[in-house]
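Asks: Residue numbers (our numbering), protein chains in the order written: chain A, 49 to 285; chain B, 49 to 285.
Supplied in structure tokens, the structure appears directly below.
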């Protein structure tokens, strides 16, 4: 069952989607944060897959009104968020607060996952010290203008990245590991050696963008890793 | 059903264990390479777990006669192998050849996994260009005196390592990624942020060695990753 997921960040009205489990609910919820353009097919598919597993899955909205940005608007919007981590952290946290309100679950029963820019967004949530149980990033940007502070990351962190992703070069992967280690976070990293950007998203193969490609093997294995990571994380709460 | 697994590397007689599946066989086999000392509880447990999944699992022997080395003999034995990669590659390949002979399987139906020094050993097998379908290393040393050459790695590679493993420091993890990328290998890396050396082995908690610790979460998740990696790898052959 898919419902409107209306909430606000200050005076910006946000419109996502709430996917309720059709079968037995497991009493947990996942905030799913979209790629740079907005809520699309990949996010909807992940929400459906999570609802099938018993989770309440909420597709968050970063841009307002559930809008999908036109190509020429994506760069500026991303640049604004990248330059101002607190603004992105507030925007994601607004979705989390709305999910808590919609479900009545405490934050230790909630995780946040994201794809591409959404992966970066959920890492920012973790860096901000959110008490959400876990966050997972798929081909998200791994560096930030506001690195995590020692002891400042409460959520468990999983990052899945492609070694050939031009948007996440090896130096960024190394820097992320050093950042998480210095923060004393509870983190995991998976690197898929032949994967490019957006390896979980079949639709990118039609875009003609050589930085991106669907990788079936990395998609299947990273989804399995997410399921195991969520099971392991929620078993602790 | 556990049988003796006798074979030789030149004039060195080797004695491992062959674990046959009790239930339905899946037509695939796994060579399991032991930690620095020799075949022990962790390797036997993994062989049993693999046999339960339908694999023929063979515990290889690196030291001859199935010996377990005394503490003061471990360092010199490892140093000899580390300084002479061809000798280690021959020793591991002898086990693989014996497993092929014992099962009648072609090498694309076989994988090799290893723990600690055995993890390093199976990576050496991959670096040597073995046509085994896949190799997986758990808390193994990731660097070598004889790095892989471009196009020289035929097997799929999975390495699971602990970010706090003093035997595998971050620089080695970075170097491994660069090596595999330069070799154009089909590789994956998983880093468990809080894991130390030997994170899969419950027995190390009794050793009083602060470099090592069992990590239940990393153990469970790396085993699940192995299962998915093997399924994915064998589905291609």
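A virtual CB, placed ideally from N, CA and C, is assigned to each residue, including glycine.
(1) Have a look at residue 119 (chain A) and residue 126 (chain A) and give me their C-alpha separation to the nearest angstrom.
(2) Which chain B residues are close to residue 238 (chain A), counting only those with a beta carbon under 9 angstroms from its beta carbon?
(3) Do residue 220 (chain B) and residue 191 (chain B) come within 9 angstroms of each other at the CB atom, strictly closer than that value?
(4) Quick one: is the Cβ of residue 181 (chain B) within less than 8 angstroms of any heavy atom of the ligand GDP?
(5) Considering only the alpha carbon of each residue, which of A:99, A:138 and A:130 lies closest to residue 60 (chain A)?
(6) In chain order, which beta strand (DSSP E) runs of at least 3 residues are fully inside the stretch 218-271 of chain A?
(7) On the criterion of 16 or more Cβ atoms from any shown chain inside 10 Å, does residue 100 (chain B) qualify as buried, or is it exposed?
(8) Mind listing the chain B neighbours of residue 268 (chain A)? Cutoff is C-beta to C-beta under 8 angstroms, in chain order.
(9) Check the Cβ-Cβ distances between residue 218 (chain B) and every residue of chain A, and say whether any is below 9 angstroms.
(10) What number of angstroms, rounded off, separates the C-alpha of residue 172 (chain A) from the C-alpha of residue 274 (chain B)?
(11) Does residue 212 (chain B) come within less than 9 angstroms of chain A when only Cβ atoms are used?
(12) Run through chain A and tell me which residues come within less than 7 angstroms of residue 228 (chain B), C-beta to C-beta.
(13) Buried or exposed: which applies to residue 57 (chain A), given that a residue is buried once 16 or more other Cβ atoms fall within 10 Å of its Cβ?
(14) Can you name, in chain order, every residue of its own chain whose Cβ lies under 6 angstroms from the Cβ of residue 79 (chain B), other than the five neighbours on each side?
(15) Is residue 129 (chain A) helix, strand or coil by DSSP?
(16) What in chain A is Cβ-close to residue 225 (chain B), meaning under 9 angstroms?
(17) Quick test of your reading: residue 189 (chain B) and residue 206 (chain B), contact by CB under 8 angstroms. State the CB separation rounded to the nearest angstrom.
(18) Listing by chain order, which chain B residues have their CB less than 9 angstroms from the CB of residue 202 (chain A)?
(19) Does the separation of the CB atoms of residue 86 (chain B) and residue 114 (chain B) fall below 9 angstroms?
Replies: Per the coordinate set shown:
(1) Numbered from its first residue, the first chain carries residue 119 (chain A) at position 71. Numbered from its first residue, the first chain carries residue 126 (chain A) at position 78. Near 12 angstroms, if we compare the C-alpha coordinates of residue 126 (chain A) and residue 119 (chain A).
(2) Here the question's residue 238 (chain A) lines up with position 190 in the first chain. Neighbours of residue 238 (chain A) on chain B, chain order: 236, 237, 238, 239 and 273.
(3) Reading the second chain from its first residue, position 143 is the one you call residue 191 (chain B). Reading the second chain from its first residue, position 172 is the one you call residue 220 (chain B). The beta carbons of residue 191 (chain B) and residue 220 (chain B) sit closer together than 9 angstroms.
(4) Ligands in the displayed structure: none, and consequently the ligand GDP is not present.
(5) Reading the first chain from its first residue, position 12 is the one you call residue 60 (chain A). Nearest of A:99, A:138 and A:130 to residue 60 (chain A), Cα basis: A:138.
(6) Within the stretch 218-271 of chain A, the complete beta strand (DSSP E) runs of at least 3 residues are 235-240.
(7) Residue numbering aside, residue 100 (chain B) sits at position 52 when the second chain is read from its first letter. With fewer than 16 other beta carbons inside 10 angstroms of its own, residue 100 (chain B) counts as exposed.
(8) For the purposes of this step, residue 268 (chain A) is identified with residue 220 of the first chain, where counting begins at 1. 276 and 280, listed in chain order.
(9) For the purposes of this step, residue 218 (chain B) is identified with residue 170 of the second chain, where counting begins at 1. With 9 angstroms as the cut-off, residue 218 (chain B) counts as an interface residue toward chain A.
(10) Along the first chain, one-based indexing puts residue 172 (chain A) at 124. Along the second chain, one-based indexing puts residue 274 (chain B) at 226. One C-alpha to the other measures close to 30 angstroms.
(11) By one-based count along the second chain, residue 212 (chain B) stands at place 164. In terms of beta-carbon proximity, residue 212 (chain B) lines the interface with chain A, with at least one pair separated by less than 9 angstroms.
(12) If you number the second chain from 1, residue 228 (chain B) lands on position 180. Those are 241, listed as they occur along chain A.
(13) Position 9 of the first chain, counting from 1, holds the residue named residue 57 (chain A). Around the beta-carbon of residue 57 (chain A), 16 or more other beta-carbon atoms lie within 10 Å, marking it buried.
(14) For the purposes of this step, residue 79 (chain B) is identified with residue 31 of the second chain, where counting begins at 1. Excluding positions up to five away in sequence, the list reads 106, 108, 143, 144, 147 and 160.
(15) Position 81 of the first chain, counted from the first residue, corresponds to residue 129 (chain A). Residue 129 (chain A) falls in the helix class under three-state DSSP.
(16) Translated into positions along the second chain, residue 225 (chain B) becomes position 177. The contacting residues are 211, 218, 221, 222, 239 and 241.
(17) For this step, residue 189 (chain B) is matched to residue 141 along the second chain. For this step, residue 206 (chain B) is matched to residue 158 along the second chain. Between the beta-carbon of residue 189 (chain B) and that of residue 206 (chain B) there is about 15 angstroms, and that puts the pair past the 8 angstroms contact cut.
(18) By one-based count along the first chain, residue 202 (chain A) stands at place 154. Here the premise fails: no neighbours, minimum Cβ distance about 14 angstroms.
(19) Mapped onto the second chain, residue 86 (chain B) falls at position 38. Mapped onto the second chain, residue 114 (chain B) falls at position 66. Note that the C-beta distance between residue 86 (chain B) and residue 114 (chain B) is below 9 angstroms.
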